[in-house]
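Only one structure is covered here, and it is reproduced in the block below.
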Amino acid sequence: MTVKTPIYLDYSATTPVDPRVAEKMIPYITEHFGNPASRSHPFGWTAEQAVEEARDEVAKLVNADPREIVWTSGATESNNLAIKGAANFYSGTKGKHIITVQTEHKAVIDAVRELERQGFTATYLAPEPNGLIDLEKFKAAIQPDTVLASVMMVNNEIGVIQDITGIGNICRENNIIFHVDAAQATGKVDIDLEKLPVDLMSFSAHKTYGPKGIGALYVRRKPRIRIEAQMHGGGHERGMRSGTLATHQIVGMGEAFRIARLEMKAENLQVRRLRDRLLAGLEEIDEVYVNGDMKNRVPHNLNISFNFVEGESLIMAVKDIAVSSGSACTSASLEPSYVLRALGRSDELAHSSIRFSIGRFTTEEDVDYTIALMKSKIGKLRELSPLWEMHLDGIDLSKVEWAAH
Amino acid sequence: MAYSDKVLDHYENPRNVGTLDKNDPHVGTGMVGAPACGDVMKLQIKVNDSGIIEDAKFKTYGCGSAIASSSLVTEWLKGKTLDQAAEIKNSAIAEELALPPVKIHCSVLAEDAIKAAVADLKSKQPA
Numbered sequence: 000m001t002v003k004t005p006i007y008l009d010y011s012a013t014t015p016v017d018p019r020v021a022e023k024m025i026p027y028i029t030e031h032f033g034n035p036a037s038r039s040h041p042f043g044w045t046a047e048q049a050v051e052e053a054r055d056e057v058a059k060l061v062n063a064d065p066r067e068i069v070w071t072s073g074a075t076e077s078n079n080l081a082i083k084g085a086a087n088f089y090s091g092t093k094g095k096h097i098i099t100v101q102t103e104h105k106a107v108i109d110a111v112r113e114l115e116r117q118g119f120t121a122t123y124l125a126p127e128p129n130g131l132i133d134l135e136k137f138k139a140a141i142q143p144d145t146v147l148a149s150v151m152m153v154n155n156e157i158g159v160i161q162d163i164t165g166i167g168n169i170c171r172e173n174n175i176i177f178h179v180d181a182a183q184a185t186g187k188v189d190i191d192l193e194k195l196p197v198d199l200m201s202f203s204a205h206k207t208y209g210p211k212g213i214g215a216l217y218v219r220r221k222p223r224i225r226i227e228a229q230m231h232g233g234g235h236e237r238g239m240r241s242g243t244l245a246t247h248q249i250v251g252m253g254e255a256f257r258i259a260r261l262e263m264k265a266e267n268l269q270v271r272r273l274r275d276r277l278l279a280g281l282e283e284i285d286e287v288y289v290n291g292d293m294k295n296r297v298p299h300n301l302n303i304s305f306n307f308v309e310g311e312s313l314i315m316a317v318k319d320i321a322v323s324s325g326s327a328c329t330s331a332s333l334e335p336s337y338v339l340r341a342l343g344r345s346d347e348l349a350h351s352s353i354r355f356s357i358g359r360f361t362t363e364e365d366v367d368y369t370i371a372l373m374k375s376k377i378g379k380l381r382e383l384s385p386l387w388e389m390h391l392d393g394i395d396l397s398k399v400e401w402a403a404h
Numbered sequence: 000m001a002y003s004d005k006v007l008d009h010y011e012n013p014r015n016v017g018t019l020d021k022n023d024p025h026v027g028t029g030m031v032g033a034p035a036c037g038d039v040m041k042l043q044i045k046v047n048d049s050g051i052i053e054d055a056k057f058k059t060y061g062c063g064s065a066i067a068s069s070s071l072v073t074e075w076l077k078g079k080t081l082d083q084a085a086e087i088k089n090s091a092i093a094e095e096l097a098l099p100p101v102k103i104h105c106s107v108l109a110e111d112a113i114k115a116a117v118a119d120l121k122s123k124q125p126a
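Here the protein sequences come in this chain order: A and B. Per numbering that gives the first Met the number 0, residue 0 is the first one in the first sequence, and the count goes up by one each step. Per numbering that gives the first Met the number 0, residue 0 is the first one in the second sequence, and the count goes up by one each step.
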């Protein structure tokens, strides 16, 4: 058995563009290069038609009307446009309080922080230790002037799926605009915007085998949700997002979402089988802890902490696999994941976590190689670890008085 | 992060990993650092009757540079007297391993571990 290293197990960071997607994009860079806003000649018409076909495909995956889809540069822009755009539009009539969650992506948290600087107030809800929101706590966070709530559908680090229907219903009852970041959800969970009580939803292409640099924002038409544009210019996308449309990127996102719609059911079965195989293998190691709920979770994510092993040395040890660490090692600081901290994980466990995310092109051999590698490297690092030795001697590390430095 | 070849060598092939009997009167144990800081070093030295360090062992929880720093000092300690051991400076460790500025604290920790092990040993010996 040979595998090609490094093995890519970081599909939640980004995915390769599916070759079928790339093939469909190429003619729109070379021969069909027209500006979709050009109304006076066939170059423009061809591009516009491709853009609208792609818009149909994006809408179809999430059961929306194509007129509800606005192209953006990616989920970060979609989140900014939705949160700042809706907060600014409705603050005069509804109020200036926003509810979000501590485990949201930085594109949501920092957009809300920016609104705080502009005079809004915000509540950052703490999730339960399994990563999920307690609906009663969400209700309790509502204030008379709450204008907007933003909750992600699938968490990027731990893969848990929030109860979007439950949270959305509470928002409806309280006349709160509800935004959902679904960047990590497309192609992984069924999304039906005819049924979901969601007003605004962010999408990204490159998490679902499309190209980077393109995304979309769903803006509900019935009842109609209004947002203030954040990018001003030629009035593209019904004035909500000006800027010449990137036809080839859009075509790529449309094709990627079409493939996701047709193949996600079978693909998720395959990916789940591999993820469960990985989990079963890693659980043979002592003192491992899965982060986040296993039941309400996307099939491709596994986030797991290896106790008594330090994060940076762990990443050094597993350079044959491309994974994400809960320990954001920069040259200057070693900060544990804020998501894992919000779940109440200790610094040590947060530091020693690894996110494995499996995808369309992962093989059983990749998974078996990864299990063997982890077993050997964790074993080696624990041989080196005085904490592991103390643990084996039955010493409770939380009761030791450390000579902190 | 780019590690020097020497750090990588000590990380891949750590020298003198292990544990000595901490109750042995000829063994001094130093444990420094804290899990919350991301580094814990345990360094042990064993002296013979002439006061020469004849064995040194370590275990380290920490980054590659921390592992390398402690592995390196176990090599340096062997054959030294306690006084010579106490003279090992963090700057020499950092220089030998070409540690970048953000990793200097790993060498400081290794120096602290030596001092703690020597102090432990001295406290065991009749005055």
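Backbone N, C-alpha and C define an ideal beta-carbon position, used for all residues, glycine too.
Report the neighbours of residue i on chain A: residues whose CB is nearer than 8 Å to its CB, in chain order.
{"i": "Thr59 (chain B)", "result": "Leu383, Ser384, Pro385"}
{"i": "Ile66 (chain B)", "result": "Ser312, Leu383"}
Would you say residue i reaches chain B, if we count a Cβ-Cβ gap shorter than 7 Å as a contact?
{"i": "Glu311 (chain A)", "result": "yes"}
{"i": "Met315 (chain A)", "result": "yes"}
{"i": "Ala371 (chain A)", "result": "no"}
{"i": "Gly393 (chain A)", "result": "no"}
{"i": "Ala402 (chain A)", "result": "yes"}
{"i": "Asp9 (chain A)", "result": "no"}
By the criterion of Cβ-Cβ separation under 7 Å, what are the contact partners of residue i in chain B?
{"i": "Asp346 (chain A)", "result": "Ala35"}
{"i": "Glu388 (chain A)", "result": "Thr18, Lys58"}
{"i": "His350 (chain A)", "result": "Gly37"}
Since I believe residue j is in contact with residue i (beta carbons under 8 Å), could you give me their beta-carbon distance rounded to a whole number of angstroms?
{"i": "Asp64 (chain A)", "j": "Arg220 (chain A)", "result": "6 Å"}
{"i": "Val61 (chain A)", "j": "Leu192 (chain A)", "result": "5 Å"}
{"i": "Gly251 (chain A)", "j": "Ala204 (chain A)", "result": "6 Å"}
{"i": "Leu277 (chain A)", "j": "Gly130 (chain A)", "result": "Incorrect: roughly 19 Å between the Cβ atoms, too far for contact."}
{"i": "Gly63 (chain B)", "j": "Ser312 (chain A)", "result": "5 Å"}
{"i": "Tyr217 (chain A)", "j": "Val20 (chain A)", "result": "With 8 Å as the limit, Tyr217 (chain A) and Val20 (chain A) do not qualify as a contact, their Cβ atoms being about 21 Å apart."}
Report all residues from its chain with a CB closer than 7 Å to the CB of residue i; omit the five preceding and five following residues, and keep chain order.
{"i": "Pro13 (chain B)", "result": "Ile66, Ser70"}
{"i": "Phe307 (chain A)", "result": "Glu286, Arg381, Ser384, Leu386, Trp387, His390"}
{"i": "Leu281 (chain A)", "result": "Val287, Ile303, Ile370, Met373"}
{"i": "Thr164 (chain A)", "result": "Leu195, Pro196"}
{"i": "Ser231 (chain A)", "result": "For the record, residue 231 (chain A) in the displayed sequence is His; it is not Ser. If we look at His231 (chain A) and ignore the five residues flanking it on each side, its Cβ neighbours are Ser241."}
{"i": "Ala112 (chain B)", "result": "Gly29, Val31, Met40, Leu42, Ser69"}
{"i": "Ala184 (chain A)", "result": "Met152, Val153, Ile190"}
Residue range of the alpha helix (DSSP H) that residue i falls in?
{"i": "Tyr368 (chain A)", "result": "363 to 383"}
{"i": "Ala55 (chain B)", "result": "Per DSSP, Ala55 (chain B) belongs to no alpha helix (DSSP H); it is in the beta strand (DSSP E), 52 to 60."}
{"i": "Leu86 (chain A)", "result": "In the sequence under discussion, the amino acid at residue 86 (chain A) is Ala, which differs from the Leu named in the question. Note, Ala86 (chain A): alpha helix (DSSP H), 74 to 93."}
{"i": "Tyr288 (chain A)", "result": "Not the alpha helix (DSSP H): Tyr288 (chain A) falls in the beta strand (DSSP E), residues 287 to 289."}
{"i": "Gly130 (chain A)", "result": "Where Gly130 (chain A) is concerned, there is no enclosing alpha helix (DSSP H), given that its DSSP letter is neither H nor E."}
{"i": "Ser90 (chain B)", "result": "89 to 96"}
Mind pulling the chain A residues with CB within less than 9 Å of residue i?
{"i": "Thr28 (chain B)", "result": "Residues of chain A passing the Cβ test: none, with the nearest at roughly 10 Å."}
Can you find the residues in the same chain that come closer than 6 Å, C-beta to C-beta, to residue i, ignoring five residues on each side of it along the sequence?
{"i": "Ile357 (chain A)", "result": "Val270, Leu273, Arg274, His299"}
{"i": "Thr361 (chain A)", "result": "Leu273"}
{"i": "Arg54 (chain A)", "result": "Pro65, Ile68"}
{"i": "Tyr368 (chain A)", "result": "Val2"}
{"i": "Lys123 (chain B)", "result": "Pro24"}
{"i": "Phe305 (chain A)", "result": "Val287, Ser351, Ile377"}
{"i": "Asn173 (chain A)", "result": "Ile141"}
{"i": "Ala405 (chain A)", "result": "Nothing about residue 405 (chain A) can be read from this structure; chain A reaches only from 0 to 404."}
{"i": "Gly186 (chain A)", "result": "Thr207, Ala259, Met263"}
{"i": "Leu19 (chain B)", "result": "Val26, Gln43, Lys45, Lys56"}
Looking at the unbroken beta strand (DSSP E) that takes in residue i, where does it start and where does it end?
{"i": "Thr71 (chain A)", "result": "68 to 71"}
{"i": "Ile97 (chain A)", "result": "96 to 100"}
{"i": "Asp38 (chain B)", "result": "38 to 46"}
{"i": "Ile176 (chain A)", "result": "176 to 180"}
{"i": "Asn300 (chain A)", "result": "300 to 305"}
{"i": "Met30 (chain B)", "result": "26 to 33"}
{"i": "Thr122 (chain A)", "result": "120 to 124"}
{"i": "Val146 (chain A)", "result": "145 to 149"}
Counting only the same chain and skipping the five closest in sequence on each side, list residues whose C-beta sits under 8 Å from that of residue i.
{"i": "Ile82 (chain A)", "result": "Ile97, Val107, Ala110, Val111, Leu114, Leu147, Ser149, His178"}
{"i": "Lys77 (chain B)", "result": "Ile52, Glu53, Asp54, Ala55"}
Determine whether the Cβ of residue i lies closer than 7 Å to any Cβ atom of chain A.
{"i": "Lys5 (chain B)", "result": "no"}
{"i": "Cys62 (chain B)", "result": "yes"}
{"i": "Lys41 (chain B)", "result": "yes"}
{"i": "Asp8 (chain B)", "result": "no"}
Which bits of chain B does residue i rub up against, with CB to CB less than 9 Å?
{"i": "Phe307 (chain A)", "result": "Pro34, Tyr60"}
{"i": "Leu454 (chain A)", "result": "Because chain A spans 0 through 404 in this model, residue 454 (chain A) falls outside it and cannot be assessed."}
The ligand GTP and residue i: does the residue's C-beta get closer than 6 Å to at least one heavy atom of that ligand?
{"i": "Asp8 (chain B)", "result": "Among the components of this structure there are no ligands whatsoever, and the ligand GTP is therefore not found."}
So with CB distances below 7 Å, who are the chain A contacts of residue i?
{"i": "Pro24 (chain B)", "result": "None at all; the shortest Cβ gap to chain A is about 21 Å."}
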